[in-house]
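> So that we are looking at the same thing, I have put the structure below in structure tokens.
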Amino acid sequence: MIAWLKELLAPNVVAHSPSHAAPRVSHGEHSREARQLGTTLPAAKSCGDGEETLARQLALVIDLNVCVGCHACVTACKQWNTSGSAGPLADQHAYEASPTGTFFNRVQTYEAGIFPGTDTIHFPKSCLHCEEPPCVPVCPTGASYKRKSDGIVLVDYDKCIGCKYCSWACPYGMRELDEERQVMTKCTLCVDRIYDEQLPPSDRRPACVMACPTGARLFGDVKDPDSDVSKAIRERGGYALMPEWDTRPANQYLPRHVTQVAGGGGADPAATQQPAATGAQ
Amino acid sequence: MHPAFSIVFFTTLAGCAQGLVVALAVAVLAGLTLSPGFLGTALAVACGLLLGGLASSFLHLGRPERAWRAIMMWRTSWMSREVLLLPAFIGIVALWWLALRADVGAGWQWLLPLAAILGALLLWYCTAMIYACMRFIQEWAHPLTIINYTLIGLSSGLVLACALAAALGEAGLLRAAAPWALVATLVAWGTRAMALRRNAALKPKSTLQSATGIRNQHLVQKSMGMSAGSFNTREFFHGASQVALRQVKLAFQLLGFALPAAALAWGLLGGPAWAWMLALLLQVPGLVAERWFFFAQAQHPQNLYYQSVS
Chain L
80 MIAWLKELLA
90 PNVVAHSPSH
100 AAPRVSHGEH
110 SREARQLGTT
120 LPAAKSCGDG
130 EETLARQLAL
140 VIDLNVCVGC
150 HACVTACKQW
160 NTSGSAGPLA
170 DQHAYEASPT
180 GTFFNRVQTY
190 EAGIFPGTDT
200 IHFPKSCLHC
210 EEPPCVPVCP
220 TGASYKRKSD
230 GIVLVDYDKC
240 IGCKYCSWAC
250 PYGMRELDEE
260 RQVMTKCTLC
270 VDRIYDEQLP
280 PSDRRPACVM
290 ACPTGARLFG
300 DVKDPDSDVS
310 KAIRERGGYA
320 LMPEWDTRPA
330 NQYLPRHVTQ
340 VAGGGGADPA
350 ATQQPAATGA
360 Q
Chain A
184 MHPAFSIVFF
194 TTLAGCAQGL
204 VVALAVAVLA
214 GLTLSPGFLG
224 TALAVACGLL
234 LGGLASSFLH
244 LGRPERAWRA
254 IMMWRTSWMS
264 REVLLLPAFI
274 GIVALWWLAL
284 RADVGAGWQW
294 LLPLAAILGA
304 LLLWYCTAMI
314 YACMRFIQEW
324 AHPLTIINYT
334 LIGLSSGLVL
344 ACALAAALGE
354 AGLLRAAAPW
364 ALVATLVAWG
374 TRAMALRRNA
384 ALKPKSTLQS
394 ATGIRNQHLV
404 QKSMGMSAGS
414 FNTREFFHGA
424 SQVALRQVKL
434 AFQLLGFALP
444 AAALAWGLLG
454 GPAWAWMLAL
464 LLQVPGLVAE
474 RWFFFAQAQH
484 PQNLYYQSVS
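Heads up: the sequence lines are chains L and A, in that order. Residues 80 to 360 (our numbering) make up the first sequence, in order. Residues 184 to 493 (our numbering) make up the second sequence, in order.
If you want it as structure tokens, here you go:
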């Protein structure tokens, strides 16, 4: 029945056109990455067999090596989007004991390993702009859609009826209902900013990317093999979240690599004993 | 998942109405003579339940004034299909009721019951597929979800049909429907128990490791990125204790299936007329609890990201 749904959805997706499509990463690259991850990369499946896919897919690549968990991306996202075309993003009980509100981006913190060999990993989390977004076909009104021109998954706030079904259909929990406007909201990749010709070209990037003090957030077209994001994914073992559900997230994460101290001395013994403490590497 | 009472009541009420309409339609098609007065009353009850369910479903929407838009994506969305079918089914039942009152000719008497049976079956299918089509909610993504929505609806509809027939003195229908009510209730209990057993043995496909890509056996969340919860912590967690969950599971099996079946058997074995009403009164809270549990038991993979408040 899932196949049937996908078949019904097929006309809504732009067919893969060889003339416009960017050349792809070779099959070998994908297989190598797949082995590293110990699983088949969902994207590898569509390679070469002519399955429909967009020619352009904007996305973020998050570098877990350098994210310091400062939440600057969270506040920059909130500031831009509550003042922009996506807003206002409600805050409730903002000055009380239990403040809550709508955010498109959150930074979580995880701890891997056993003390003293632990590793703290800050983990930014926002819509992954899946190439097979499960949230889109379930929307009864068509308010949720994936843009054919750049692959951004968006919500038309004027069509949303607030049934929350799309949020149930997202395995990552990336959508949040705005409690005041009662419509579903999510990361827009700052769609009202990245194409704004009144901004200097260097500012035509998502607010979170602009705000990150460590450069942990890369932004670009993952279908362009020469883009920074494609190179980072290719060369640094970029991986997708929950590959088991075949959603083919466009956003990917760069795994934490253990760095040796120069000269070989003073390295954390736990880290050298456990080179695969974190990340896919 | 956090069970929304709007959906719990909607699916329970509509399911019961569908079962009642199917019971009446099958009785008519099988050639059972029902007094027009009784049939009219029973159809009006079904219509009332369906309208109550429809109203309840509106309460689920953040923007009910835009509800009409939900018919747009019937090509891809099971919810859209349900939104189309529910008014269509109400229309069929209302038309049947009107045809009875207007005493439309004998040639039509088979058409509306047949359409009503088809409509009820399709509506059960669509309602259940809304949940069953979500592949990563493993508790729901199984044909048992469809079977249970259908059989539980049939059981409650037949129990209601028996109670109505007993109350309004429709002895023919009561004699014909009562054994089926007992069978449907017991079979629905069996298939629901199968789903419970399946869910108890489920191994989640997603882990914290696959959700974050951090491949370390010892991985704990230290912060979920906010200090006091968000939509994600409200919508996807039922907030009830494991003890409460176990009690609801026991209660819905007793009230929804075991005790109504006993009351039906009592009625069949020559018990008093109020045995049928007793079966209905026991089953109503039982099935509300069943539907609550259906939602509460579903483990959404997004919950992996929300384990530690700070």
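All C-beta atoms in this analysis are idealised placements derived from N, C-alpha and C, irrespective of residue type, glycine included.
Classify Val288 (chain L): buried if its beta carbon has 16 or more other beta carbons within 10 angstroms, exposed otherwise.
Flag for Val288 (chain L) reads buried.
> Could you give the first and the last residue of the continuous beta strand (DSSP E) run that contains Asn184 (chain L)?
Taken as a continuous stretch (DSSP letters only), the beta strand (DSSP E) holding Asn184 (chain L) covers Asn184 to Ala191.
> Between Arg417 (chain A) and His185 (chain A), how many whole angstroms is the CB-CB distance? I'm expecting something under 8 Å.
The Cβ separation is near 6 Å, so the contact holds.
> Do you know offhand how far Val153 (chain L)'s Cα is from Leu139 (chain L)'s?
The alpha-carbon atoms of Val153 (chain L) and Leu139 (chain L) are separated by roughly 14 Å.
> Looking at the secondary structure, which residues open and close the beta strand (DSSP E) in which Ala346 (chain A) lies?
Careful: Ala346 (chain A) lies outside any beta strand (DSSP E), inside the alpha helix (DSSP H) at Pro326 to Leu351.
> What is the rounded straight-line gap between the Cα of Leu281 (chain A) and the Cα of Ala227 (chain A)?
Rounded to the nearest angstrom, the two C-alpha atoms are 10 Å apart.
> Taking DSSP as the reference, what is the three-state secondary structure of Lys310 (chain L)?
Helix, per DSSP.
> Under 6 Å Cβ to Cβ from Met312 (chain A), same chain only, skipping five residues before and after it: list those, please.
Result list for Met312 (chain A): Trp261, in chain order.
> Within 10 angstroms of the Cβ of Pro213 (chain L), are there 16 or more other Cβ atoms? Answer buried if so, exposed if not.
Buried, since its Cβ has 16 or more Cβ neighbours within 10 Å.
> With burial defined as no fewer than 16 other Cβ atoms inside 10 Å of the residue's Cβ, what is the status of Leu116 (chain L): buried or exposed?
For Leu116 (chain L), the pLDDT reaches just 36, beneath the cut-off of 50, and the residue's location in the model is therefore unreliable, although a value from the coordinates is still provided. The residue in question, Leu116 (chain L), is buried, as its Cβ has 16 or more Cβ neighbours within 10 Å.
> Please go through the same chain and pick out, in chain order, the residues whose beta-carbon is closer than 7 Å to the beta-carbon of Leu295 (chain A), but skip the five residues on each side of it.
Once the five neighbours on either side are set aside, the close Cβ partners of Leu295 (chain A) are Ile275, Leu278, Trp279 and Ala282.
> Hey, would you say Ala346 (chain A) sits closer than 8 Å to Ala462 (chain A), going by beta carbons?
Going by C-beta atoms, Ala346 (chain A) is nearer than 8 Å to Ala462 (chain A).
> At 3 residues or longer, what runs of the beta strand (DSSP E) sit wholly inside the segment 211 to 243 of chain L?
Listed in chain order, the complete beta strand (DSSP E) runs (minimum 3 residues) inside the segment 211 to 243 of chain L are 223 to 225 and 232 to 234.
> Please state whether DSSP places Thr338 (chain L) in a helix, a strand or coil.
Coil at Thr338 (chain L), not helix or strand.
> For chain A, is any of its Cβ atoms less than 8 Å away from the one on Ala341 (chain L)?
With 8 Å as the cut-off, Ala341 (chain L) does not count as an interface residue toward chain A.
> Give me the chain A residues within the contact set of Gly241 (chain L), using Cβ-Cβ distance strictly less than 7 Å, ordered along the chain.
Those within 7 Å of Gly241 (chain L) in chain A are Leu244, Gly245 and Arg246.
> Using three-state DSSP, classify Ile275 (chain A) as helix, strand or coil.
The answer is helix: DSSP assigns Ile275 (chain A) an H, G or I state.
> Output yes or no for whether 8 Å exceeds the beta carbon distance between Gly236 (chain A) and Ser339 (chain A).
Their beta carbons are not under 8 Å apart, which means Gly236 (chain A) does not touch Ser339 (chain A) by this criterion.
> Name, please, each residue of chain A whose Cβ falls closer than 8 Å to the Cβ of Pro195 (chain L).
Neighbours of Pro195 (chain L) on chain A: none; closest Cβ ~13 Å, over 8 Å.
> Identify which residue in L:Asp257, L:Thr181, L:Val215 and L:Glu211 has its Cα closest to the Cα of Arg327 (chain L).
Nearest of L:Asp257, L:Thr181, L:Val215 and L:Glu211 to Arg327 (chain L), Cα basis: L:Glu211.
> What in chain L is Cβ-close to Leu402 (chain A), meaning under 8 Å?
By Cβ distance, chain L contributes Tyr189, Glu190 and Ala191.
> State buried or exposed for Pro195 (chain L), treating a residue as buried only when at least 16 other CB atoms are found within 10 Å of its CB.
Exposed: under 16 other Cβ atoms inside 10 Å.
> Using a beta-carbon distance cut-off of less than 7 Å, what residues from the segment 244 to 271 of chain A approach chain L?
Listed in sequence order: Leu244, Gly245, Arg246, Arg249, Ala250, Arg252, Ala253, Met255, Met256, Arg258, Thr259, Ser260, Met262, Ser263 and Val266.
> With a CB to CB cut of under 8 Å and the five nearest residues on each side skipped, what residues in its chain are close to Ala315 (chain A)?
If we look at Ala315 (chain A) and ignore the five residues flanking it on each side, its Cβ neighbours are Trp323, Ala324, His325, Pro326, Thr328 and Ile329.
> Quick one: list the residues of chain L neighbouring Ala394 (chain A), beta-carbon separation under 7 Å, in chain order.
Correct list: Leu320 and Met321.
> Which chain L residues sit within Cβ distance under 8 Å of Gly412 (chain A)?
What Gly412 (chain A) touches in chain L: Ser177 and Thr179.
> Helix, strand or coil for Glu255 (chain L), going by three-state DSSP, please let me know.
Here Glu255 (chain L) sits in strand by DSSP.
> Alpha carbon to alpha carbon, how far is Ala290 (chain L) from Gln171 (chain L)?
Spanning the two alpha carbons is a distance of roughly 25 Å.
> Going by C-alpha to C-alpha distance, which of A:Trp475, A:Ala348, A:Gln430 and A:Trp457 sits closest to Thr216 (chain A)?
Comparing Cα-Cα distances from Thr216 (chain A) to each of A:Trp475, A:Ala348, A:Gln430 and A:Trp457, the minimum goes to A:Ala348.
> Just the Cα atoms here: how many angstroms apart are Leu207 (chain A) and Trp307 (chain A)?
Rounded to the nearest angstrom, the two C-alpha atoms are 17 Å apart.
> Does Asp286 (chain A) come out as helix, strand or coil in the three-state DSSP assignment?
Three-state DSSP puts Asp286 (chain A) in coil, outside helix and strand.
> Check the Cβ of Ala248 (chain L) against every Cβ in chain A and list those closer than 8 Å, keeping chain order.
Here the neighbours are Met317.
> Going by the CB atoms, is the gap between Gly439 (chain A) and Gln466 (chain A) shorter than 8 Å?
Yes, the Cβ-Cβ distance between Gln466 (chain A) and Gly439 (chain A) is below 8 Å.
> Excluding five sequence neighbours on each side, which residues of the same chain lie with their C-beta closer than 7 Å to the C-beta of Leu207 (chain L)?
Excluding positions up to five away in sequence, the list reads Tyr251, Met253, Leu320, Pro328, Ala329 and Asn330.
> Val431 (chain A) to Lys157 (chain L), Cα distance in whole Å?
Computed Cα separation, rounded: 40 Å.
> Where do the N-terminal and C-terminal ends of the alpha helix (DSSP H) with Arg474 (chain A) fall, by residue?
Trp457 to Gln480 is the span of the alpha helix (DSSP H), which, as asked, contains Arg474 (chain A).
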